[in-house]
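Student: Protein chains in written order, with my numbering: chain A, 116 to 471; chain B, 1130 to 1403. Note that beta-carbon positions come from the ideal geometry of N, C-alpha and C, so glycine has one too.
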Amino acid sequence: MSDLRIIDIEKRYRTAEPKGGASSFMLRPVRLTIREGEFFSLLGPSGCGKTTLLKMVAGLLEADGGEVWVGDENLTDVPPESRKFAMVFQQSLLFPHKTIEDNVAFGLKMQKVGKKQRLKAAADMLEHVGLSGFGSRYPDELSGGQQQRVALARALVANPRVLLMDEPFSALDPGLREEMRELLSRIQKEFRVTVLFVTHDRDEAFALSDRIAVMGEGQLRQVGTARQLYERPETTAVAAFLGLKNILSGTVNNGRFTSSDKTLETAVNGELADGDYFLVIRPESIRAAEGDRPGQVSIKGTVQEMTYGRGMYSLKVKAGSQLLECAFTTFQAEKTAVGEPIELLVDMKEAWFVKE
Amino acid sequence: MKKHPRLLSLFLFLGLFIFVIVPFIPLILSSLSFGWRWPDVFPQAWSLRAWEYVVNDGRTWQAVGISLWIALVVTSVNILLAVPAANALVRYRVRGRWLFEAIIFAPIIIPPFISVMGIHLSFLRFGLTETVLGVVLAHIAPTLPYLFRAVMISYQTLSVDWEDQARMLGAGAVPRFFHVVLPHLLPGILAGASLSVLISLSQYLITFIIGAGQVVTLPILLFPFISGGDPSVASAYSLLYAAIAIAALAGMDAALKRYYQTNRASQQEKGENA
């Protein structure tokens, strides 16, 4: 097995004097194991340290502590050009004075592979990304999407142990981005390459990844599959970043949860110790009330805003001091209007308590 | 809207004509005249004497050769100095960067006479006066700033990402320089090199003091005729000198164009076929 292991890698601010304070971390120690052939994403807002982590794995940035291993090989002190990794950046960074063919074959040329062999490999790889016949053109004759495909082909041609990707599609327009996602997903499965993918776009991370690490403020917040993260976030920060805006603060007392503005009171299924909690309710688990049902609690409120998007209505309902976001089907949404009172049902099986 | 560019280009053309082309006219007339004196607007008698003298004098072609040779060596040395220096000053956090830059750019501001006196004393001690090597070394000071500046700006426009990308594809330091950095720097190097060649060609004072009359470049040959006595010969030399400078510039320009054209040859064929 040649898993990629990141062991307590960390980065501190260069400019700060040795204050010894926790605030001098650019990236707090990160420990991750990425399995061979896995598609692993680092997801977080800009400035959360995800690109820093990626560049330290690549070796382009020197870590202030920690190790990088692949299988049983310690790569911490190996320069990036000898790690047999590949990287695709946000910009395609194709060498402008070289043809597409020569660009793709560049990695093999560096490995001293013969000209005939490497040009054949380049042509094969270009076919995989759907650009056969483009070999003798120059980068500036290609569109942005095509350039990024070439960058992907160039990264894969030398059969890297790990493919690192730093927001590779964020400079492309949305339609193209989805197309590139499908292409990448297909190619990743075909070549069974281990991918470490950095993005701030959660849809992109969800669509592509086997597992995702959510990052924020220079640290790893939670690691899991897309579903685990979305349905069982460990903190409100993770929930909020994943777009879960219905976070109700409150207290659990003797197995009952009361929100701090008293709009919601319900029994807690499962054992929770008494104390302060946050209740996370996904917009999809709220419905308009049509008579009581067991296991559901009702909330009364007023509809404040209705917006239509992709087959569903998104409603903002004012309940107490809280603005709840709900996803309604068109059928449900047609029964109400902005300014009208509404009774909502929350499926408590779908609701989730977090401590911080 | 349409008239302005036309008017502007007319003015530019007139300016170019007055400042660049007109000065050549009396030079040409003078070089072809025989005893052209003050009240005459045009020379009264014509003669090819000056040109015959210039072309047939063996020293002329020797001087042209030495001038070009010095300019070439100076520029080559400058390139070897400027590229690593620019790399270091742009890419690394250098303590006292302003001091290094000030030293490199100082020759542009400080009159050459001041530095050349000191250089002369040192070179006397090292036995470098009256040698081509000494002149080459002395020419580096006034020419290096221009080349350095051009290369530094080229470096500043080269994002580190390009080199990082090459590294991630397995390129070590040397292939990185030749495959990524050098192609990007090349236009800047060539622009700086043109200036370096021109400035080296036009050095009189430094060549005169360090070379002490033993290293004869074109300006050394030209000056006595200007100050001394034969304006016709001086004019002929001036024209020859201008021709050499223009030829050097044009040659370098052509070299750059050819470099891009050979690189782009296959592309153009493709474009024509499509």
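Rank A:Leu363, A:Asp318, A:Asp316 and A:Lys213 by C-alpha distance to the C-alpha of Lys377 (chain A) and give the top, closest one.
Tutor: A:Leu363
Student: Kindly indicate which three-state DSSP category Ala137 (chain A) falls into: helix, strand or coil?
Tutor: Here the model assigns Ala137 (chain A) a pLDDT of 47, short of 50, so the residue's position is not dependable and the matter cannot be decided.
Student: Under 9 Å between beta-carbons, which chain A residues line up against Trp1291 (chain B)? List them in chain order, please.
Tutor: Leu208 and Phe210
Student: Check the Cβ of Gln303 (chain A) against every Cβ in chain B and list those closer than 7 Å, keeping chain order.
Tutor: The premise fails here: Gln303 (chain A) is roughly 18 Å from chain B at the closest Cβ pair, so nothing lies under 7 Å.
Student: Can you tell me whether Ala374 (chain A) is helix, strand or coil according to DSSP?
Tutor: Note on residue identity: the sequence assigns Ser, not Ala, to residue 374 (chain A). Looking at Ser374 (chain A) - three-state DSSP - the assignment turns out to be strand.
Student: Taking only beta-carbon positions, decide if Pro195 (chain A) is within less than 8 Å of chain C.
Tutor: Checking the listed chains, one finds no chain C in this structure; the protein chains it contains are A and B.
Student: Tell whether a beta-carbon distance below 8 Å holds between Glu125 (chain A) and Leu147 (chain A).
Tutor: no
Student: Starting from Met1297 (chain B), find everything on chain A with Cβ-Cβ shorter than 7 Å and list it in chain order.
Tutor: Ala173, Pro195, Phe200, Ala201 and Met202
Student: Residues of chain B with a CB under 8 Å from the CB of Phe221 (chain A): which are they?
Tutor: Ala1295, Leu1298, Ala1300 and His1308
Student: I'd like to confirm the pairing. Which residues does DSSP put opposite Gly330 (chain A) in its beta bridges?
Tutor: The residue asked about is misnamed: residue 330 (chain A) is Met in this sequence, not Gly. Bridge partners of Met330 (chain A): A:Leu335.
Student: Distance check for Arg342 (chain A) and Asn274 (chain A), CA to CA, integer angstroms please.
Tutor: 31 Å
Student: Please list the residues of the region 260-279 of chain A that have a C-beta atom closer than 8 Å to any C-beta atom in chain B, keeping them in chain order.
Tutor: Arg269, Ala270, Ala273 and Leu279
Student: Going along the chain, which residues of its own chain have a beta-carbon closer than 6 Å to the beta-carbon of Leu1116 (chain B), five neighbours each way excluded?
Tutor: One cannot answer for residue 1116 (chain B) here, as it falls past the ends of chain B, which runs 1130 to 1403.
Student: Just to confirm my understanding: we take Phe221 (chain A), look at its own chain, exclude 5 residues before and 5 after, and list those with CB closer than 8 Å. What are they?
Tutor: Phe210, Lys213 and Arg269
Student: Mapping DSSP to helix, strand and coil, what is Pro1353 (chain B)?
Tutor: Three-state DSSP puts Pro1353 (chain B) in a helix.
Student: Does any residue of chain A bring its CB to less than 8 Å from the CB of Pro1304 (chain B)?
Tutor: yes
Student: Please return the same chain residues whose Cβ sits closer than 8 Å to the Cβ of His1249 (chain B), not counting the five positions on each side in sequence.
Tutor: Thr1258, Ile1338 and Ile1339
Student: From what residue to what residue does the beta strand (DSSP E) around Asp391 (chain A) run?
Tutor: Run containing Asp391 (chain A): Gly390 to Val395, per the beta strand (DSSP E) assignment.
Student: What residues in the region 1310-1325 of chain B bring their beta carbon closer than 7 Å to a beta carbon of chain A?
Tutor: Pro1312
Student: Which residues in the same chain as Phe1234 (chain B) place their Cβ atom closer than 7 Å to its Cβ, once the five residues preceding and following it in sequence are excluded?
Tutor: Pro1274
Student: What does a CB cutoff of less than 6 Å around Ala1200 (chain B) pick up in its chain, not counting 5 residues either side in sequence?
Tutor: Val1326, Ser1329 and Leu1330
Student: Check whether the Cβ of Met295 (chain A) lies closer than 8 Å to any Cβ atom in chain B.
Tutor: no
Student: Could you tell me which uninterrupted beta strand (DSSP E) segments, each at least 3 residues in length, are contained entirely in the region 1230-1305 of chain B, listed from first to last along the chain?
Tutor: none
Student: Pull up the distance between the alpha-carbon of Gln1396 (chain B) and that of Gln1173 (chain B), whole angstroms please.
Tutor: At Gln1396 (chain B), the pLDDT of 45 sits below 50, so the modelled position is not reliable and the matter cannot be decided from this model.
Student: Within this structure, are the beta carbons of Tyr392 (chain A) and Phe468 (chain A) separated by less than 8 Å?
Tutor: yes
Student: By the 10 Å Cβ neighbour count, where 16 or more other Cβ atoms means buried, how is Ser199 (chain A) classified, buried or exposed?
Tutor: Checking the displayed sequence, the identity of residue 199 (chain A) turns out to be Lys instead of Ser. Under this definition Lys199 (chain A) is a buried residue.
Student: For a test of the three-state rule: what should DSSP assign to Ala1174 (chain B), helix, strand or coil?
Tutor: Per DSSP, reduced to three states, the secondary structure at Ala1174 (chain B) is coil, with no helix or strand assignment.
Student: Quick check: the Cα distance between Gly136 (chain A) and Arg127 (chain A), rounded to an integer number of angstroms?
Tutor: Residue placement at Gly136 (chain A) cannot be trusted, given a pLDDT of 47 that sits under 50; what the coordinates show is reported in the next sentence. Each residue's alpha carbon lies about 11 Å from the other.
Student: Can you say whether Ser62 (chain A) is buried or exposed, counting buried as having 16 or more other CB atoms within 10 angstroms of its CB?
Tutor: An answer regarding residue 62 (chain A) cannot be provided, because it is not within the stretch 116 to 471 covered by chain A.
Student: When the Cα of Leu379 (chain A) is compared with those of A:Leu267, A:Arg371 and A:Phe284, which residue comes out closest?
Tutor: Its Cα nearest to that of Leu379 (chain A), the residue A:Arg371 stands out among A:Leu267, A:Arg371 and A:Phe284.
Student: Distance check for Val418 (chain A) and Glu455 (chain A), CA to CA, integer angstroms please.
Tutor: 6 Å
Student: Along the chain, where does the alpha helix (DSSP H) that runs through Trp1190 (chain B) open and close?
Tutor: Gly1187 to Arg1220
Student: On the premise that Gly186 (chain A) lies in contact with Asp118 (chain A), defined as a C-beta separation below 8 Å, what is that separation, rounded to the nearest angstrom?
Tutor: 7 Å
Student: Determine the DSSP secondary structure at Met421 (chain A), reduced to helix, strand or coil.
Tutor: strand
Student: What does the alpha-carbon distance come out to for the pair Arg276 (chain A) and Ser300 (chain A)?
Tutor: 17 Å
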